[in-house]
Structure formats: C-alpha cells, structure tokens
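Student:
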Amino acid sequence: MIEPWPRKGRDYPPVNWIIRELLYQRIQLDPQSDEAPLDSVRGTIYRIVPTDTGAGFDERAAINEIRTKFNQQPFNSSQEIVDAVRGAGHIPVVRARQLASGEVT
C-alpha cells in the first residue's frame, strides 16, 4: 500500500516517507483529522525541496502562505528550506540541477 502520509490510528512499520515540502508544512501546521502527527511517525522523512525557479516559486509561495497563516517566518530561498529540513533531522531531497547550480548546498 502506498500512502502520502500515515493515517492516524494505523500501525506502520518504520519506513521511509517521501513527501513534498508543501505537504510537510500543511501536516505540521494544519493537520487533517485523519493524518498521523509528525512525532508519531517511525522511520525517515525525506522532504522534497522546491527549486528557486519556475514552478518552484509557486510552490514556495504556497508553503509561505501556510507558514504566515500560522505566524511562522516565510522561506526566502530553497537553501533556507534545506537548512530547516536538516534542522528537523530529516533528509532534504533536491534536484541535481539545484546542486550543480549552487542553489543549495
């Protein structure tokens, strides 16, 4: 079974969860009633970081909309998101061109 995030009340083995940063922010700040809270998830969380170009700007704007709604500082760059992901003990997932361009380190 593949699910985007664990459901509340179900027992999951320790597995890896790969989620977009937008979903992570929503789960963290505005969880739905059937979603497991972040601190209950066993396993590694990999968070996909949007780029600083094109559609990535739109995704970061959506992330920042959620964050500011809940009085959190907005992210100004992909590097700030990568730093936040690492600070939470999770693994950032970035595209090769983000690394090659120096957009993130």
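In the working numbering, the protein residues as written are 34 to 138. From the three backbone atoms N, C-alpha and C, an ideal C-beta is built for every residue, glycine too.
1. What residues in its chain sit with their C-beta under 7 angstroms from that of A95, if we drop five residues either side in the sequence?
2. I want to check one thing, is the minimum distance from the CB of S110 to the heavy atoms of the ligand MG below 7 angstroms?
3. Beta-carbon separation of V74 and V118 under 8 angstroms?
4. Return helix, strand or coil for V74, following the three-state DSSP convention.
5. From which residue to which residue does the alpha helix (DSSP H) around V48 run?
Tutor: The relevant details are as follows:
1. Taking the first residue of the sequence shown as 1, we reach residue 95 at position 62. If we look at A95 and ignore the five residues flanking it on each side, its Cβ neighbours are L55.
2. In the structure shown, the ligand MG is absent, as is every other ligand, since no ligand is present at all.
3. Within the sequence shown, residue 74 is the residue found at index 41, counting from 1. Within the sequence shown, residue 118 is the residue found at index 85, counting from 1. Cβ atoms of V74 and V118: not closer than 8 angstroms.
4. Translated into positions along the sequence shown, residue 74 becomes position 41. In this structure, V74 counts as coil in the three-state DSSP scheme.
5. By 1-based counting over the sequence shown, the position of residue 48 is 15. Careful: V48 lies outside any alpha helix (DSSP H) and carries neither H nor E.
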